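The structure under discussion appears below in the form of structure tokens.
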Amino acid sequence: MELQSNKHLRTKQVIGIFPVLDLNVDDVDVPLKNPTITYLDIFFLVSSILTHIVDMAIDINLAIRYLLHNRIIYFTWTTVFIFLPSFINCIISRRMQQQDDKKNETTNPSKFNCVHAMLTKKLCCIVVVIFQLAPVLRYYRTLKYALNAYKYEKQGDRTVQKRYYLKMLKEDQDVALLRVSECFLEAAPQQILQLTILLKHYHNDINFESIVVASIVSSLGSMGWAMASYHRSIRLVQQDKLNIGNTGTVLQFLWHFCTTVSRILSLSVLASLWPLYTAIGCIFHWICMTIWIIIDSRGILEFCKDSNQAPHCSPKIKERVYSILFSMVIGVIHVFIYLKTVDGNTFLKHVLFYVICFIENLIAIAIWLYTSSDEVKNAWYFNVLIVFCIVPFLLGVTAMIVYYGIFHPSLKHQNCVNI
């Protein structure tokens, strides 16, 4: 491999959710923090592929059951929440792949011709959307890089091992964002829909209810893990920052899992009473969040900018339109959780966001408490839902405060490198 004059690993914060690894460097001199692949890493990658497939299978099974029960409206909405987010994810994945191909000259897509084609070719993207393959393909490629890094480490070839390890890191951070996008564009709205249906049509069809509950539980767990994995992945890529420890990862999981559970339950109980007004409220929240993101959208502009364009040139109209559209996508995610789009101190932004969400949740619970029918108020789940709409949120915020106060790796890495 051709030697470069700068033999440091360069990471550039193009956007808070996209720290870019420049792989066109001499891998021997890359000061990696922990370039070792363990069986646990491989297990998590395989598990991520399997859980994604299981989640999709459960959702598709639900859609088919609605169709067979002649509930066309529920079938339509369930199908929309399956395939529309998949289409958006496919577009984001294609953009990531285009950036990778242009920025990293050493990337060799010939080793994954089929995967690369599905991520870049428009016709193949139709197949990716239909079969929900965008995250799976990325996980597959991450797994291949991890297995190659593990193999060359065992053979004692540290040069090739580091090269595959770096490629695995870049692929892992891409798939982490796709997983977050998939969770909060598809899984979260899907769970609100299914919970709303369950509350509106509560009955004793155990088999059908068990499938709905299985879908909800598996998706909620996936959402918490997706956010914890995402933050861990971007920390691994940024060589000037310390990694998030095991305790920090657990706290992040609890933080996002608990706040997401509370958020989804609050919106669901409100939607079971007033679906139209719930949708209007969510749209208003989404618009406010999108405006907030656009105001500070320099990172998103960089992501949507043509990489062949000189850095000092102003963004074109098309690029600004793309950045607004992408901000709208991130705004949907902000209906449920806060996802930072620029690097820097985010604690106060998290506090502001969760204060807004907590007020909205309390309003939803108050409406549920005072406007529900007597039949619902006498049901076993009425008071249970009130508790689960409030307590998990407070637990999640507490976990966030403990994480930022004690376990957040704010110190710079001792062997920091140039950025």
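Going by our numbering, the sequence shown opens with residue 10, and the numbers climb by one from there.
Ideal Cβ placement from N, Cα and C applies to all residues, glycine included.
Bear in mind that the values here come from a model prediction, so they are computed numbers and not experimental data.
>> Quick check on N98: does DSSP put it in helix, strand or coil?
In response: Here residue 98 refers to the residue found at position 89 when the sequence shown is read from its first residue. In this structure, N98 counts as helix in the three-state DSSP scheme.
>> Can you list, in chain order, the residues of its chain with a C-beta nearer than 7 Å to that of Y412? Leave out the 5 residues immediately preceding and following it.
In response: For the purposes of this step, residue 412 is identified with residue 403 of the sequence shown, where counting begins at 1. G257, L260, Q261 and W264.
> Expressed to the nearest angstrom, what Euclidean distance is found between the alpha-carbon atoms of E328 and F397?
Replying inline: By one-based count along the sequence shown, residue 328 stands at place 319. By one-based count along the sequence shown, residue 397 stands at place 388. Cα to Cα, the separation comes out at about 43 Å.
>> My assumption, with CB atoms under 8 Å, is that C267 sits in contact with F402. Please give the rounded CB distance.
In response: Working through the sequence shown from its first residue, we reach residue 267 at position 258. Working through the sequence shown from its first residue, we reach residue 402 at position 393. That pair is a contact at about 7 Å.
> Could you give the C-beta distance for E180 and T151, rounded to a whole number, given that I count them as a contact under 8 Å?
Replying inline: If you number the sequence shown from 1, residue 180 lands on position 171. If you number the sequence shown from 1, residue 151 lands on position 142. Taking the Cβ atoms as the reference, E180 lies roughly 4 Å from T151, within the contact range of under 8 Å.
> Below 8 Å, can you find three or more Cβ-Cβ pairs linking the stretch 370-383 to the stretch 337-357?
Replying inline: Not touching, per the Cβ criterion.
>> As a quick exercise: from V89, F90 and P418, pick the residue whose alpha carbon is nearest that of N255.
In response: Walking along the sequence shown from the start, residue 255 turns up at place 246. Considering only alpha carbons, the answer is P418.
> Among the residues of its own chain, which have a CB less than 6 Å from the CB of K209, if the five just before and after it don't count?
Replying inline: Taking the first residue of the sequence shown as 1, we reach residue 209 at position 200. Here the set comprises S281.
> Which term fits P40, buried or exposed, when burial requires 16 or more other beta carbons within 10 angstroms of its beta carbon?
Replying inline: Start at 1 with the first residue of the sequence shown, and residue 40 comes out as number 31. Only weak support exists for where P40 lies, its pLDDT of 43 falling under 50; the coordinates are left without a value.
> Should M177 and Y149 be called a contact, given that it needs their Cβ atoms to be closer than 8 Å?
Replying inline: On the sequence shown, residue 177 is found 168 positions in, with the first residue counted as 1. On the sequence shown, residue 149 is found 140 positions in, with the first residue counted as 1. No, Cβ-Cβ distance for M177 and Y149 is not below 8 Å.
> Where do the N-terminal and C-terminal ends of the alpha helix (DSSP H) with C398 fall, by residue?
Replying inline: For the purposes of this step, residue 398 is taken as the residue at position 389 of the sequence shown. Start and end: Y390 to V411.
> Can you tell me the Cα-Cα spacing of F362 and Y161, whole angstroms?
Replying inline: Within the sequence shown, residue 362 is the residue found at index 353, counting from 1. Within the sequence shown, residue 161 is the residue found at index 152, counting from 1. Roughly 45 Å separates the two Cα atoms.
> Is DSSP giving D68 helix, strand or coil here?
Replying inline: Start at 1 with the first residue of the sequence shown, and residue 68 comes out as number 59. Three-state DSSP puts D68 in a helix.
>> The alpha helix (DSSP H) that contains Y148, what's its start and end?
In response: Taking the first residue of the sequence shown as 1, we reach residue 148 at position 139. Counting along the chain, the alpha helix (DSSP H) containing Y148 begins and ends at A143 to Q164.
> Per DSSP, what kind of secondary structure is S323 in: helix, strand or coil?
Replying inline: Stepping through the sequence shown from its first residue, residue 323 is reached at position 314. Annotated three-state conformation of S323 is coil, per DSSP.
> Taking all protein chains shown into account, do 16 or more other C-beta atoms lie within 10 angstroms of the C-beta of C291, making it buried, or fewer, making it exposed?
Replying inline: Counting from one through the sequence shown, the residue named residue 291 turns up at place 282. Flag for C291 reads buried.
> Quick one, which of Q200, S102 and T269 has its alpha-carbon nearest V400's?
Replying inline: In the sequence shown, residue 400 corresponds to position 391, counting from 1. It is T269 whose Cα lies nearest to the Cα of V400.
> Secondary structure at L348, three-state DSSP: helix, strand or coil?
Replying inline: What you label residue 348 is simply residue 339 of the sequence shown in a count that begins at 1. Residue state for L348 is assigned as coil, using DSSP reduced to three classes.
> If you drop the 5 nearest sequence neighbours on each side, which residues of the same chain put their C-beta closer than 7 Å to that of I333?
Replying inline: Along the sequence shown, one-based indexing puts residue 333 at 324. Once the five neighbours on either side are set aside, the close Cβ partners of I333 are I303.
>> I need the straight-line Cα distance from Q108 to P94, nearest angstrom please.
In response: As a first step, residue 108 must be located in the sequence shown, where it is residue number 99. As a first step, residue 94 must be located in the sequence shown, where it is residue number 85. Spanning the two alpha carbons is a distance of roughly 21 Å.
> Whose C-beta lies closer than 8 Å to the C-beta of V341 among residues of the same chain, with five residues either side of it excluded?
Replying inline: Counting from one through the sequence shown, the residue named residue 341 turns up at place 332. Around V341: F193, L194 and W295.
> In this structure, does DSSP put T88 in helix, strand or coil?
Replying inline: Within the sequence shown, numbered from 1, the residue matching residue 88 stands at position 79. In this structure, T88 counts as helix in the three-state DSSP scheme.
>> Considering only their Cβ atoms, is the gap separating I309 from L1 smaller than 8 Å?
In response: Here the chain comprises residues numbered 10 to 428, so residue 1 is not present and cannot be evaluated.
> Rounded C-beta distance between T87 and L71? I'm assuming under 8 Å.
Replying inline: Counting from one through the sequence shown, the residue named residue 87 turns up at place 78. Counting from one through the sequence shown, the residue named residue 71 turns up at place 62. Confirmed, Cβ separation roughly 6 Å.
> Helix, strand or coil: which one does DSSP assign to W264?
Replying inline: Position 255 of the sequence shown, counting from 1, holds the residue named residue 264. Note: W264 maps to helix in three-state DSSP.
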